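> In this note's numbering, the protein residues as written are 17 to 162.
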């Protein structure tokens, strides 16, 4: 049972590393941000803002009790990805040019928690497809410590 502090939310150090391969090119990004971890309705929410050169993008990672993980990014392009190792999921990627339907194929999904201080890791390997074409292969490595 999570502590009462987590129900009210605790400040956290959040580190998120992403890498992806598109059109044969590898790209990597890393963010270290201050965020917040909240336990609500049997799920953990890790909230932080990615700082980019000209803007910040609010990000929420939701860890559901069944092990499914949601990644929500609310920037110029809104995206909500659902990672489920048991089945493929679908989402709509909203861009200024319109909405693109995407299929999410989760290859590997691991979530772990640690005590004293409360912390956790979320590792996701996945592929995105649109219109039957593979867009790329992606990895997310998220770590948080309260």
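Note that beta-carbon positions come from the ideal geometry of N, C-alpha and C, so glycine has one too.
Predicted model only: the values in this text are computed from it and were never measured.
Expressed to the nearest angstrom, what Euclidean distance is found between the alpha-carbon atoms of residue 110 and residue 117?
Along the chain shown, one-based indexing puts residue 110 at 94. Along the chain shown, one-based indexing puts residue 117 at 101. Between residue 110 and residue 117, the C-alpha separation is close to 9 angstroms.
> What distance in whole Å lies between the Cβ atoms of residue 75 and residue 11, which are believed to be in contact at a cut-off of 8 angstroms?
Lying before the first or after the last residue shown, residue 11 is absent from the chain, which here runs from 17 to 162.
> Looking at C-alpha atoms only, which residue of 43, 155 and 22 is the closest neighbour of residue 126?
As a position in the chain shown, residue 126 is number 110, starting the count at 1. Comparing Cα-Cα distances from residue 126 to each of 43, 155 and 22, the minimum goes to 155.
> According to the neighbour-count rule (16 or more other Cβ atoms, all chains shown, within 10 Å of its Cβ), is residue 146 buried or exposed?
Along the chain shown, read from residue 1 onward, the residue named residue 146 stands at position 130. When all chains shown are included, residue 146 counts as exposed.
> Evaluate residue 122 with the Cβ neighbour count: other Cβ atoms within 10 Å of its Cβ, from every protein chain shown; 16 or more gives buried, anything less gives exposed.
Position 106 of the chain shown, counting from 1, holds the residue named residue 122. That one is buried.
> Alpha carbons only, please: which of 95, 119, 160 and 89 is nearest the one belonging to residue 103?
Locating residue 103 in the chain shown gives position 87, counting from the first residue. Considering only alpha carbons, the answer is 119.
> Between residue 49 and residue 143, what straight-line distance do the alpha-carbon atoms span, to the nearest angstrom?
Translated into positions along the chain shown, residue 49 becomes position 33. Translated into positions along the chain shown, residue 143 becomes position 127. The straight-line gap from Cα to Cα measures roughly 26 angstroms.
> Give the DSSP-derived three-state secondary structure of residue 90 in the structure shown.
As a working note, residue 90 is residue 74 in the chain shown. Residue 90 falls in the strand class under three-state DSSP.
> Roughly how many angstroms separate the alpha carbons of residue 31 and residue 108, rounded to a whole number?
Locating residue 31 in the chain shown gives position 15, where the first residue counts as 1. Locating residue 108 in the chain shown gives position 92, where the first residue counts as 1. Near 26 angstroms, if we compare the C-alpha coordinates of residue 108 and residue 31.
> On the premise that residue 84 lies in contact with residue 100, defined as a C-beta separation below 8 angstroms, what is that separation, rounded to the nearest angstrom?
Taking the first residue of the chain shown as 1, we reach residue 100 at position 84. Taking the first residue of the chain shown as 1, we reach residue 84 at position 68. Residue 100 to residue 84, Cβ: 5 angstroms. Contact.
> Where do the N-terminal and C-terminal ends of the beta strand (DSSP E) with residue 120 fall, by residue?
As a working note, residue 120 is residue 104 in the chain shown. Unbroken beta strand (DSSP E) run through residue 120: 114-130.
> Could you say which of 80, 82, 72 and 79 lies nearest to residue 182 if we only look at CA atoms?
For residue 182 there is no data in the structure shown, the boundaries of the chain being 17 and 162.
> Could you tell me the alpha carbon to alpha carbon distance between residue 158 and residue 128, rounded to whole angstroms?
Here residue 158 is taken as the residue at index 142 of the chain shown, counted from 1. Here residue 128 is taken as the residue at index 112 of the chain shown, counted from 1. The straight-line gap from Cα to Cα measures roughly 11 angstroms.
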